[in-house]
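Residue numbering for the sequence shown follows our numbering, starting at -10 and increasing by one per position. All C-beta atoms, glycine included, are put in the ideal place defined by N, C-alpha and C. Comments concern the structure below.
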Amino acid sequence: MFQAFKDLNRLREIAVLAVRHGFGEMLDRTRLWEILGRREKGEARPETSRETTARRFRLLLSDLGPTFIKLGQVLSTRPDLLPAEYIQELSLLQDAVPPEPMDHVVREVEQSFGKPLAELYGSIEEKPLASASIAQVHRARTLTGEEVVVKVQRPGIAGRIRADLDLLYYAARLLEAVVEETGVYTPVGIIEEFDAAIHEELDFLNEARNIREFLRLNQGRDWLAFPQAVDGLCSKTVLTMEFLKGENIRAIDLAKHDRKKLAERILETAFRQLFEDGFFHGDPHPGNILVLEGDRLGVLDLGVVGRVSKQMQENLVMLVLAVALKDADTVARLIYRVATPDKRTNLNAFKQDIQGVLDAYMVKKPILGEIEVKTIVPELLNLALRYHVKIPKEYALLSRALLLVEGMVRWLYPELNIGQAVVPYAKELMFGRYETSGLSTLGMKAFLRFQTFATDVPMQLSQVLLDLEGGKFKVNVGSEDLARIASNLKSLGMITFLGFLACGLTIGAFVSFSKLDFAFHGVPVLGGLAVLLVGFLFGVVATWTAASGRVKKLSLARWLKRKKR
């Protein structure tokens, strides 16, 4: 009962803040105020009329607290879920919050391992290095003296997030009942995505496993460093890692570093993770990249990762090459191939819109020239949303990671050609098993289309299945031979009908007029005239049918059809 009362108060708080940020009309349609009472509804801020919906949404999430801030941050990594303007706004969300008291931190650590703090660490600093909505980070030393950092989950945060998630599911179901969806995702679907992401992030053992996997895959790449997870000091709510001594990449003095080398190393790291390892950092923003001694790179915060299969790697390379070659047809087919459409897509219209994007952003670029990821990728994802094409989560996560990498590279060394840097990986993945050294641009286009041809059949079959599911399946058969056969059958049917009609009229005429006295040489005159008339009409129709070869002009058939109506 008490929990239900708390949930109702929290729901009322959410509703009041939603009204304040200009979302009152949407709530009115849900009839939520009939449950909550209108006396606390309030009014919208005067500024809302001058603000975009995306900005108001970001401010609302910020005011609602940690769970909703984290929701916005998760959504900002998923450009397949929301339009570009929302992604841009949500990326501005910050979740810096006052730290938990030290006694709370100590209690959480001791409860997690079932031991006193003194048996776990030699020392731990009271002032945190960072404090966020889910966890805070402290410097410490192990019992053997190694310098480490300890990431401790806020006590009770999992329960608070669960309660807020229940309310989010309730609100999402209300919205689905009154708001007509125009995108691929429903409100409930978006909350389900967030639910899965936040619960993975709440289990720090996932991040420990990710760290070990990155260390395994990056052996021999001495320009890279990852903080080693300390065995025996990691749990679902506590993560102990090696301390990396360095500067945040945005804080360094560029004059003291080799900017080109740093940019090349960041790009090489991203491409190797993507095209060789199939395991990449899902959130490589500048705050997670350190510059260590000797211009080595330290990579932090490995809780969000993505995995790429060999087929996904090939699809991605073909997509990059198709964009560079300005081949809208292949781009459209590749996007549709990797996606899950929720209804039949007009591929011709999709292709034309993609051509418009390529013309707008690649018009001044030479074939196989520089590709601006930050402009083209959001446009392509927006098109996918508009055409109800659902992009897999891994591709969406990857697109954001590439955007972040491109931003750092262009900030460090704008002259670096990212398009040329991807060519060796593309050749190895796509052309390594073929001899393509002398392939021209036109030949590369043909090669790409040949590569996509074999997998286009399942794509087209999926279109047919969507039509069948929606009751829109139609088959139109066009053939000169079939048309001729159909025409002949119609003609034969009409002639047969006229033949029976003529026989009937002839016999009927003789029977009807046989007892009349009008006869010539014993033949009834009226019956004979009827026979002549029928014969004349039959001859005219037969001659016309044979000459024209078409039945559709027979007015008799159409007239009979009209009469039946």
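In the structure shown, the three-state DSSP call for Leu228 is strand. Taking the Cβ atoms as the reference, Phe269 lies roughly 5 Å from Gly295, within the contact range of under 8 Å. Counted as a single uninterrupted DSSP element, the stretch harbouring His274 is not any beta strand (DSSP E), since DSSP gives it neither H nor E. In summary, Asp153 is buried, with 16 or more beta-carbon neighbours lying within 10 Å of its beta-carbon over all protein chains present.
Inter-residue distance for Ala197 and Leu48 is about 33 Å (C-alpha atoms, whole angstroms).
For Ala218, no beta strand (DSSP E) encloses it, and the DSSP letter there is neither H nor E.
Judged by their CB atoms, Asn199 and Leu291 are nearer to each other than the 9 Å cut-off. Within the same chain, Ala321, Tyr325 come within 7 Å of Leu336 by CB-CB distance, once the 5 residues on both sides are set aside. Within the same chain, Ile113, Glu114, Pro117, Val139 come within 6 Å of His127 by CB-CB distance, once the 5 residues on both sides are set aside.
In the structure shown, Gln142 adopts extended strand secondary structure according to DSSP, grouped into three states. Our two residues, Ala121 and Pro87, have alpha carbons roughly 8 Å apart in a direct line. Beyond the five residues adjoining it in sequence on each side, Ala43 comes within less than 6 Å, by CB distance, of Glu74, Tyr75, Glu78 in the same chain, given in chain order.
The C-alpha of Ile187 lies about 11 Å from the C-alpha of Gly61. DSSP places Thr131 inside the beta strand (DSSP E), whose first and last residues are 124 to 131.
Assignment of beta-bridge partners to Phe268 by DSSP yields Arg296.
No Cβ-Cβ contact shorter than 9 Å links Gln142 with Glu99.
Relative to the Cα of Phe57, the nearest Cα in the group Ala129, Leu194, Ile123 belongs to Ile123. Taken atom to atom, the span from the alpha-carbon of Tyr376 to that of Leu369 is near 11 Å. In the structure shown, Lys379 adopts extended strand secondary structure according to DSSP, grouped into three states. Here Pro55 has Ser122 as same chain residues with Cβ atoms under 6 Å from its own Cβ, once five neighbours each way along the sequence are excluded.
Taking the C-beta atoms as reference points, Leu305 is found nearer than 9 Å to Val297. Pro403 is classed as exposed because its beta carbon has fewer than 16 other beta carbons within 10 Å across all chains shown. DSSP assignment within the region -2 to 52 yields the following whole alpha helix (DSSP H) runs of 4 residues or more, N-terminal first: 13 to 19, 22 to 25.
Beta-bridge analysis with DSSP links Glu114 to no other residue. In the three-state reduction of the DSSP assignment, Val398 falls in the helix class, which pools H, G and I. Check the Cα spacing between Leu391 and each of Pro413, Val378, Pro367: the tightest is with Pro367. Across the structure, Leu82 and Glu36 are spaced so that their CA atoms are roughly 19 Å apart. Taken atom to atom, the span from the alpha-carbon of Leu132 to that of Lys234 is near 20 Å.
Between Met230 and Gly134, the alpha-carbon positions lie close to 13 Å from each other.
Gly221 and Glu108 have their C-alpha atoms roughly 12 Å apart. If the five residues before and after Glu395 are omitted, its C-beta is found closer than 7 Å to the C-beta atoms of Val362, Lys363, Ile407, all from its own chain and listed in chain order.
With a cutoff of 9 Å on beta-carbon distance, Glu253 and Ala410 are scored as near each other.
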